[in-house]
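Line order of the protein sequences matches chains A and B.
Residue numbers 38 to 184, in this note's numbering, belong to the letters of the first sequence in order.
Residue numbers 1288 to 1378, in this note's numbering, belong to the letters of the second sequence in order.
Note that beta-carbon positions come from the ideal geometry of N, C-alpha and C, so glycine has one too.
Remember, it's a predicted structure, so these values are computed and weren't measured experimentally.
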Amino acid sequence: MLSEYLTSEMISFKESAENWEEAIKIASQPLLEQQFIEKEYIDTMISNVKEFGPYIVMVPGFAMPHARPENGVNKLGVSLLILGKETLFNDEKAASVFLVLAATDPESHLALLSELSSLLSNEENVARLAAARSESEVFTILKEESK
Amino acid sequence: MKILVVCGNGLGSSFMMSMNVQKAMKELNMEGTCSHTDLASAKTENADYYIGAPEIMDQLNDGNRKIISLVNMFSMDEIKKALTTHVLEGR
């Protein structure tokens, strides 16, 4: 399921990002280019973090930036950015893996999230994702999980 | 007993967290329901316990609500420990 959405053009790698805002922008770029989302969606994800705090860092090292469907989503999609170096959100929270979620309604993405949830409940998987340096390494981790 | 899992938007993180909380409740043989919602709705919805990320819980904490903050919402150990201390032992 996750691997159907997370195609190679949705995955990017970078050594570091200047700050978390930049990381969210880079991570969302493929979704924007493929017109899954409008620019408004990226701005809203960033302002959500400013408003609610970095709760999108769900597991130490792993962030899932997202906003609501009405904030500019055209099509259900996910994109992934893996940084070589962690970006700080505040004194306590940092992430190097950014999975952007763009949902079109409250239900259609839930199967995708359940798969992601079982992936993240194993801390080893998060460490392996953070260490991945190629699309094929990411695909291997996703495939193992969906078995 | 009703447990409400809360996040900023109510469509992503809280759903994933609620699956883990339900799993933990089952493993601890706890009776009750667990649902998920966004921060704005949580302010008007009654529950015995509210669970979420520390940033979200800070905004929900009015001194009357029983809140439980989770740092790693996917760590079954942390969830079970939190449920045990807060709910089962009532601390």
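Please classify residue i as buried or exposed, where buried requires at least 16 neighbouring CB atoms within 10 angstroms.
i, result
"Thr1320(B)", "exposed"
"Gly1377(B)", "exposed"
"Glu55(A)", "exposed"
"Leu120(A)", "buried"
"Thr124(A)", "buried"
"Lys76(A)", "exposed"
Quick one, which of the options has its alpha-carbon nearest residue i's?
i, options, result
"Ala104(A)", "Asn162(A), Ser133(A) and Ser65(A)", "Ser65(A)"
"Met82(A)", "Ser145(A), Val175(A) and Leu138(A)", "Leu138(A)"
"Asn1296(B)", "Ile1343(B), Tyr1337(B), Asn1348(B) and Met1288(B)", "Ile1343(B)"
"Phe126(A)", "Leu166(A), Arg170(A), Phe89(A) and Glu41(A)", "Phe89(A)"
"Ser1301(B)", "Met1360(B), Met1317(B) and Arg1352(B)", "Met1360(B)"
Tell me residue i's beta-bridge partners as DSSP assigns them.
i, result
"Tyr92(A)", "DSSP, once it has assigned bridges, lists no residue as partnering Tyr92(A)."
"Gly98(A)", "Ala132(A)"
Could you work out which residues of chain A lie near residue i, taking near to mean beta carbons separated by less than 7 Å?
i, result
"Met1306(B)", "Ser151 and Ser154"
"Asn1359(B)", "Val96 and Pro97"
So which residues of chain B does residue i contact, with C-beta pairs closer than 8 Å?
i, result
"Asn56(A)", "Within chain B, no residue comes near Asn56(A); the closest Cβ sits about 18 Å away, beyond 8 Å."
Given this structure, state the Cα-to-Cα distance separating residue i from residue j, to the nearest angstrom.
i, j, result
"Thr141(A)", "Leu147(A)", "11 Å"
"Met1306(B)", "Ser1328(B)", "19 Å"
"Ala132(A)", "Cys1294(B)", "18 Å"
"Ala1334(B)", "Glu129(A)", "28 Å"
"Lys62(A)", "Glu1318(B)", "43 Å"
Residues of chain B with CB under 7 Å from residue i, in chain order?
i, result
"Phe73(A)", "Chain B residues near Phe73(A): none, gap ~16 Å exceeds 7 Å."
"Arg105(A)", "Asn1296 and Leu1298"
Can you pull the chain B neighbours of residue i, defined as C-beta to C-beta under 9 Å?
i, result
"Tyr42(A)", "Going along chain B, no residue has its Cβ under 9 Å from Tyr42(A), so there is no contact; the nearest lies around 14 Å."
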